[in-house]
Amino acid sequence: MQRAASSGVKIDADAAQTRAFALQCLIEGLAVRIVREPGMSDHMLADMLAMNLPVVID
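The numbering used here puts the sequence shown at residues 387 to 444.
Pasting the structure below:
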């Protein structure tokens, strides 16, 4: 959020809290998925992150 502020991007506290929660859910979900599917490919993980991280942090 500090980087966003320094580049002139404004985000209110509620939006920041919502994005932080979404990112936390994504990370926790990944942790569970990795335990359940230890053979998951790095390629699948990278594709999922590339698809979802921009949505969460934009």
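Quick reminder that beta carbons are idealized off the backbone N, C-alpha and C, glycines included. Since this is a predicted model, take the numbers as computed values, not measurements.
Rounded to whole angstroms, what is the Cα-Cα separation between residue i and residue j?
i    : j    : result
V421 : A408 : 20 angstroms
S427 : D444 : 26 angstroms
S393 : A402 : 16 angstroms
A399 : G415 : 24 angstroms
L342 : K396 : Residue 342 is absent from the model: the chain starts at 387 and stops at 444.
Q410 : G425 : 23 angstroms
E423 : A436 : 19 angstroms
Contact check, residue i vs residue j under 8 angstroms by CB: the rounded distance?
i    : j    : result
V442 : R405 : 6 angstroms
Among the options, whose alpha-carbon lies nearest the alpha-carbon of residue i?
i    : options                   : result
L439 : L412, M430, H429 and K396 : L412
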